[in-house]
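Participant: Next up is a structure, given as structure tokens.
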Amino acid sequence: MTPTIRFQRATAPAQALDHSYQNASIWNYAIDPSKLTVHRSNESGLANPIFAPGIAPLWMSANACEIEWGLYKGVPDAPPTGEARKCVGEVVDVRLEPLGGAKVHLVDLPVLKLGEGGTGDGGKANGG
């Protein structure tokens with residue numbers, strides 16, 4: 000295992016400084032992959048810079064619901080599995096941005112099968 004090299008602020012290039020982001024909204028969603036929809040911008044040509052937040056020419060939307068998903072050392076833990084993966088909030092539509100166009104990245108999205116138009120249990124869905 001290679002040791003981590005730490006630069007002192009005075010010797011590190013400005014581009015090497017760490018930045019920290021905090022979520023201002025719910026992040027712990029599970030999505031229903033059968034409800035994915037691909038969207039395309041109506042604008043011709045590509046924006047510059049192409050990976051600016053919210054400007055990607057393609058994105059997806061999905062039905063999703065909040066799940067109980069804890070943190071480990073300040074970052075998302077492994078997603079819950081099996082019976083532990085269940086909705087604790089309403090079914091909502093979420094926008095999924097390409098990885099390069101988002102400041103906060105979540106690449107391991109848990110999946111659930113959400114009922115037609117929500118579910119019969121007060122809008123909460125059952126894990127699948």
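So the sequence shown is numbered by numbering that gives the first Met the number 0: it starts at 0 and just counts up by one.
Glycine is no exception: its CB is placed at the ideal position from the N, C-alpha and C atoms.
Would SER40 and PRO52 qualify as a contact pair, given that the criterion is a beta-carbon distance under 7 Å?
Facilitator: no
Participant: Taking a contact to mean a Cβ-Cβ separation below 7 Å, would you say PHE50 touches GLY114 in this structure?
Facilitator: With contacts defined as CB atoms closer than 7 Å, PHE50 and GLY114 fail to qualify as a contacting pair.
Participant: So is ASN62 buried or exposed if we call it buried at 16+ other beta carbons inside 10 Å?
Facilitator: buried
Participant: Just how far apart, CA to CA, sit GLY69 and ASP76?
Facilitator: Each residue's alpha carbon lies about 6 Å from the other.
Participant: Tell me the rounded alpha-carbon separation between LYS85 and LEU45.
Facilitator: 39 Å
Participant: Could you compute how far the alpha carbon of LEU105 sits from the alpha carbon of GLU42?
Facilitator: 27 Å
Participant: Just to confirm, are ASP107 and SER60 a CB contact at a threshold of 7 Å?
Facilitator: In terms of Cβ geometry, ASP107 and SER60 do not form a close pair [threshold 7 Å].
Participant: Going by the DSSP bridge assignment, what does TRP58 pair with across the sheet?
Facilitator: HIS38
Participant: Please state the DSSP three-state secondary structure of ALA83.
Facilitator: helix
Participant: Rank ALA101, PRO78, ASN27 by C-alpha distance to the C-alpha of GLU89 and give the top, closest one.
Facilitator: Taking GLU89 as reference, the option from ALA101, PRO78, ASN27 with the minimal CA-CA separation is ASN27.
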